[in-house]
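> Counting from 1495, one number per residue, gives the positions in the sequence shown under my numbering. Beta carbons: idealized from backbone N, C-alpha and C, even for Gly. Below: one structure in structure tokens.
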Amino acid sequence: MPHTLASLVNHTALKLTVLAGQDGLDVPVRWAHASELIDPVPYMEGGELLLITALKLDAQDPEATRRYVRRVAQAGVIGLGFAVGVNYEEVPEALVQAARQEGLPLLGVPRRTPFIAISKAVSAAVAADQYRAVTAGFEAQRELTRAALSAEGPAELLARLAAHLDGWAALYDASGAVVAAAPDWAARRAARLAEDVARLRERPAPASSVVSDTDGDDRVELQSLGTGRRARGVLAVGTAAPLGTAERYAVHSAVALLTLTTERSRALQDAEQRLGAAVLKMLLAGEPDHARAVAGRLYGGLLDAPFRVVVAEQVPADDQAAAPQGQGGTPAVLEALADAMDSAAARTGEAVLAVPDGSRLIVLVADGGAAADACAAFAAAAQARAGTQPRNGARPARGGTGRTEQPAVGLSAPAGPTGAAAAYRQAEAALHVARRRGRTLVEHEDVAAGSVLPLLADDAVRAFADGLLRALREHDATGRGDLVASLRAWLARHGQWDAAAADLGVHRHTLRYRMRRVEEILGRSLDDADVRMELWLALKATSAPPEE
């Protein structure tokens, strides 16, 4: 317990008497200081018991005394100790009245009690209080260390920390999700702080902030965990009052222990990532048996059921030269995506195989699992932040901020180990469509079930189509025939002469002549199915309006 004015009054050796301000005796005393200055305020820090003899103060002048008492009270002085029998045989009534008006405790100090005795009593009490706080802090550190090493790990640590603080504690993972809380009801309260946690995670670790719980009276302190550029987690503690010295020791110990846990987990994740890279390499090389042998218990369950391949890339904002980079050069937004999938999978106990590949991220996730759902949710949130609607063929909407880096993600159809290479190609194709269409996520099913025509709205495809049809268009420009329209009609009718000629309003012999001219000008035979396909796609590509 901190030393108070009441403690000094109850100190039998000091013989102090209370002359005014009895209601303010429970205020903690930070120090006791003697000063005879008319204005000692510049030398005060607040929380002091000011000891005076009124050597220079006219303590019998009501106005001068009132000004003095008001000024020291406003400066944070918690009480006055007046030496009786030194300069005044009795405590001046003007001083007593001024103290009462300000509600400032006034203590009478008998002549036989020197000021140094009061200062020693306060100093000893402060030292004892600090010793108790340090001792309690070390005991809390030992208790939290034992909890961190227990089978329950972080969950038990949070329970011990909450009990020590007489409050609550919660742990957030790298994605910002609440993974543990103590007591149990604190999980709901911690979930309300998602935005504050997200802002803290954007700052380099270590970082901290104090927030208020708008739905309660808690004072909540957030502490980031980790030693790298990005926080690996966040600790939240809620208390009814600011943390004392012992409580501060406990929180710092918890942060250190949880940081060690997360960094140890990070090292384990790095090892798992190297193993995952080897498994993925074997799958893509068409060696599923070897991949299973290497996967072992870590990834074996993932290969025993249908999985999907995710290929993601960073799409930098137009107004920034380079996207923020995370650990090992991986774009930060892809790290965040990987964290979201890992966290979701950890909560359900499913495996995720994530491999950074330069500026890309390749992930194998269970079909229909929590990681796949987290990937979709992450992409939808990024799409919303960019001011777009995730629909087929949509480009980023005008008026979007264009400032938030977002991923482009391609998702394959469900596959097994023998179809991993094909699934990877599907994911790459979906990723290409996602980037070209300005969407954060495209699934292979969307590409396969939709029309191929939107894929033709590409500059390279248009250039090829223009080159292929240029000679025919130049011929038509001379007014010697309508070869392009005739070719389109003939192909649309699958080479049926009478039907195509009727569509054009010409004789079928005229149409035959025009098709021979097409073959002569292009130097290609219309009997070749590949030639007919290329010409039809070229006509479609050049007739489709360019995308906005």
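So, helix, strand or coil for P1825, using DSSP?
Start at 1 with the first residue of the sequence shown, and residue 1825 comes out as number 331. In this structure, P1825 counts as strand in the three-state DSSP scheme.
> Starting from the C-beta of L1694, find all residues in its chain whose C-beta is less than 8 angstroms away, skip the five residues before and the five after it, and write them out in chain order.
The residue you call residue 1694 lines up with position 200 of the sequence shown. Residues of the same chain with a CB within less than 8 angstroms of the CB of L1694, apart from the 5 flanking positions on each side, are A1701, S1702, S1703, L1716, S1718, A1725 and V1728 in chain order.
> Using a Cβ distance threshold of 8 angstroms, determine whether the stretch 1617-1626 contacts the stretch 1559-1568, with at least three qualifying pairs required.
no
> Give me the Cβ distance between V1580 and R1605, rounded to the nearest whole Å; I'm assuming they're in contact under 8 angstroms.
Counting from 1 along the sequence shown, the entry for residue 1580 is found at position 86. Counting from 1 along the sequence shown, the entry for residue 1605 is found at position 111. Rounded to whole angstroms, the Cβ separation of V1580 and R1605 is 7 angstroms, and the two are in contact under 8 angstroms.
> In angstroms, rounded to a whole number, what distance separates the CA positions of A1914 and L1847?
Taking the sequence shown and counting its residues from 1, one reaches residue 1914 at position 420. Taking the sequence shown and counting its residues from 1, one reaches residue 1847 at position 353. So the two alpha carbons sit approximately 13 angstroms from each other.
> Count the other C-beta atoms from every protein chain shown that fall within 10 angstroms of the C-beta of H2001, then say buried if there are 16 or more, exposed otherwise.
Along the sequence shown, one-based indexing puts residue 2001 at 507. The residue is exposed, with fewer than 16 neighbouring Cβ atoms inside 10 Å.
> Nearest-angstrom Cα distance between L1510 and E1633?
Translated into the one-based positions of the sequence shown, residue 1510 becomes position 16. Translated into the one-based positions of the sequence shown, residue 1633 becomes position 139. The straight-line gap from Cα to Cα measures roughly 36 angstroms.
> Rounded to a whole number of angstroms, what is the C-alpha to C-alpha distance between R1885 and V1804?
By 1-based counting over the sequence shown, the position of residue 1885 is 391. By 1-based counting over the sequence shown, the position of residue 1804 is 310. Low per-residue confidence applies at R1885: pLDDT is 41, beneath 50, and the placement is therefore not dependable, though the value from the model is reported in the following sentence. Roughly 19 angstroms between the two C-alpha positions.
> Quick check: the Cα distance between R1686 and V1535, rounded to an integer number of angstroms?
To locate residue 1686, count along the sequence shown from 1; it is residue 192. To locate residue 1535, count along the sequence shown from 1; it is residue 41. Cα to Cα, R1686 sits roughly 43 angstroms from V1535.
> What span of residues does the alpha helix (DSSP H) with D1851 cover, start to end?
The sequence position of residue 1851 within the sequence shown is 357, counting from 1. From DSSP, D1851 is part of no alpha helix (DSSP H) but of the beta strand (DSSP E) over L1847 to D1851.
> To the nearest angstrom, report how far apart G1794 and L1655 are at their CA atoms.
Here the question's residue 1794 lines up with position 300 in the sequence shown. Here the question's residue 1655 lines up with position 161 in the sequence shown. Their Cα atoms are separated by approximately 38 angstroms.
> Which one or two residues does DSSP pair with W1525 in a beta bridge?
Here residue 1525 refers to the residue found at position 31 when the sequence shown is read from its first residue. Beta-bridge pairing links W1525 to E1542.
> Just the Cα atoms here: how many angstroms apart are V1749 and T1739?
Position 255 of the sequence shown, counted from the first residue, corresponds to residue 1749. Position 245 of the sequence shown, counted from the first residue, corresponds to residue 1739. Computed Cα separation, rounded: 15 angstroms.
> Hey, how far is the Cα of R1697 from the Cα of E1542?
Residue mapping note: residue 1697 aligns to position 203 of the sequence shown, counting from 1. Residue mapping note: residue 1542 aligns to position 48 of the sequence shown, counting from 1. Rounded to the nearest angstrom, the two C-alpha atoms are 38 angstroms apart.
> How far does the alpha helix (DSSP H) with R1929 in it reach, from first residue to last?
Taking the first residue of the sequence shown as 1, we reach residue 1929 at position 435. Its alpha helix (DSSP H) spans residues A1914 to R1931.
> Figure out for me which residue from V1603, L1752, A1735 and T1629 has the closest Cα to the Cα of A1641.
Counting from 1 along the sequence shown, the entry for residue 1641 is found at position 147. Comparing Cα-Cα distances from A1641 to each of V1603, L1752, A1735 and T1629, the minimum goes to L1752.
> Do three or more CB pairs link the stretch 2002-2010 to the stretch 1972-1983 at distances below 8 angstroms?
yes
> Per DSSP, L1601 forms a beta bridge with which residues?
Working through the sequence shown from its first residue, we reach residue 1601 at position 107. Paired residue(s): V1512 and G1575.
> If A1865 and A1839 are in contact, beta carbons under 8 angstroms, what's the gap, nearest whole angstrom?
Residue numbering aside, residue 1865 sits at position 371 when the sequence shown is read from its first letter. Residue numbering aside, residue 1839 sits at position 345 when the sequence shown is read from its first letter. Yes, A1865 and A1839 are in contact; Cβ-Cβ is about 4 angstroms, under 8 angstroms.
> For Y1666, report the span of its beta strand (DSSP E) as first-last.
Taking the first residue of the sequence shown as position 1, residue 1666 is located at position 172. Y1666 -> beta strand (DSSP E) spans W1662 to Y1666.
> Going by beta carbon distance, what residues of the same chain come within less than 6 angstroms of L1574, once the five residues before and after it are set aside?
Translated into positions along the sequence shown, residue 1574 becomes position 80. The residues are L1544 and L1600.
> Taking C-beta to C-beta, are L1985 and L2016 nearer than 8 angstroms?
Counting from 1 along the sequence shown, the entry for residue 1985 is found at position 491. Counting from 1 along the sequence shown, the entry for residue 2016 is found at position 522. Result no, Cβ atoms of L1985 and L2016 do not sit closer than 8 angstroms.
> According to DSSP, simplified to helix, strand and coil, what is P1908?
Along the sequence shown, read from residue 1 onward, the residue named residue 1908 stands at position 414. In the displayed model, P1908 falls within coil according to three-state DSSP, outside both helix and strand.
> Would you report the Cα separation of R1967 and R1930, rounded to the nearest angstrom?
One-based indexing of the sequence shown puts residue 1967 at position 473. One-based indexing of the sequence shown puts residue 1930 at position 436. The alpha-carbon atoms of R1967 and R1930 are separated by roughly 29 angstroms.
> Within its chain, find whatever has a CB closer than 6 angstroms to the CB of P1556; leave out the 5 residues flanking it on each side and keep chain order.
Locating residue 1556 in the sequence shown gives position 62, counting from the first residue. These residues qualify, in order along the chain: A1588.
> On the CB-based measure, 16 or more other CB atoms within 10 Å of its CB, does M2027 come out buried or exposed?
Position 533 of the sequence shown, counted from the first residue, corresponds to residue 2027. It counts as exposed.
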